[in-house]
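Visitor:
Residue numbers (the numbering used here): 6 to 373.
#1: For residue 41, name the three-state secondary structure that DSSP assigns.
#2: Please report the distance separating the alpha-carbon of residue 78 from that of residue 290.
#3: Which stretch, first to last residue, makes up the beta strand (DSSP E) that contains residue 199?
#4: Three-state secondary structure (DSSP) at residue 267?
#5: Let me know the secondary structure DSSP gives residue 36 once reduced to three states.
#6: Could you check what DSSP says for residue 272 in three-state terms: helix, strand or coil?
#7: If you measure between the beta carbons of residue 288 and residue 269, is that distance less than 8 Å?
#8: Are three or more beta carbon pairs between the stretch 350-367 and the stretch 318-328 nearer than 8 Å?
#9: Judging by CA-CA distance, which residue of 50, 56 and 71 is the nearest neighbour of residue 353?
#10: Return the first residue and the last residue of the alpha helix (DSSP H) that residue 221 is part of.
#11: My guess is that residue 348 and residue 69 are in contact by the Cβ rule of under 8 Å, so how many angstroms apart are they, rounded?
#12: Tell me which residue opens and which closes the beta strand (DSSP E) that residue 284 is part of.
#13: In terms of residue numbering, what span does the beta strand (DSSP E) encompassing residue 135 cover?
#14: Which of the three DSSP states is assigned to residue 1 in this structure?
#15: Does the distance from the C-beta atom of residue 159 to that of residue 53 stay below 8 Å?
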């Protein structure tokens, strides 16, 4: 989990994409349009593109959808974003280091390297990848419209695969030890060697915090749940499971003030929010379990969302409330949130879109 700083890897990955944008005429034009629009105040006509399938998002869901759609000769356009939600093209995986639970890589693989492979495979089959961020959409009628700062895409179908961003807390040392003992996914990282047989901590008070704490007891010697209130908001059954586990201890009415250590996380300074007392907690792992924020704001309420902002899909499909618009990956999955499950729904979305296009007769030369 700590071979190299993920921020550096992510930066190098982004820089390479940026420099390589001029290697194809289409990409060079995209780069030029973006550069000009950012350095001059002159308004120019937006470039218009047409496609049978427009994919928004570049994580495992988006690229899997692109691979299936391009192999079906649908000539998809994929917007991979440019620091959308402050994350590099490739999504959440670009913020991780070792990925050990994605099939096909018995020795593990760096998150950035894995997203690079996704991208290369999408491009190999003809996906047009644009390094721009979608700012708005119009799903009020078909064909649909997707906008960036410089482009307007008219699409017969759309796959939304914009993901969800794990919520983090900011305190002294939180950035320094990110991916060096601090994580936002116990299921993804909890089995890593740096956490085995070590004291660990989870921040949160909901079902996710209870579930992650219980999960971590498989690997850690002790798991602390740090919660800033004196009661949990988790369901009673999840509370019961956590509170009855002999390896779990709750630190009530408390918040982390500081993370410290040398190369890896070595401990936390924890403040009691009632008394003001600061204590030292020796742990080698800290997991944020305070929720995720799905990237759905740019759609401005045009798709049905649940109470937490996730896209609602018809059970067993990726179909949304708008016929012809599909959702895949973490943007519609608040339960599993794994790279492999995201890839699976990306496949489903591409197949659902293909079937939809067959129904409306759009596969016979209707779009460029």
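Note that CB positions come from ideal geometry on N, CA and C, so glycine has one too.
This structure is a prediction, so every number in the text was calculated from the model and none was measured.
Guide: Quick answer:
#1: Low local confidence applies: a pLDDT of 35 at residue 41 is under 50, so the model's placement there is unreliable, and no value is given.
#2: 46 Å
#3: That residue, residue 199, is in no beta strand (DSSP E); it is neither H nor E in DSSP.
#4: coil
#5: Interpretation of residue 36 is limited by its pLDDT of 33, a score under 50 that renders its predicted location unreliable; the figure taken from the coordinates is listed afterwards. Here residue 36 sits in helix by DSSP.
#6: strand
#7: no
#8: yes
#9: 71
#10: 212-221
#11: 4 Å
#12: 283-286
#13: 133-135
#14: The shown model of the chain, from 6 to 373, leaves out residue 1, and the question about it has no answer.
#15: yes
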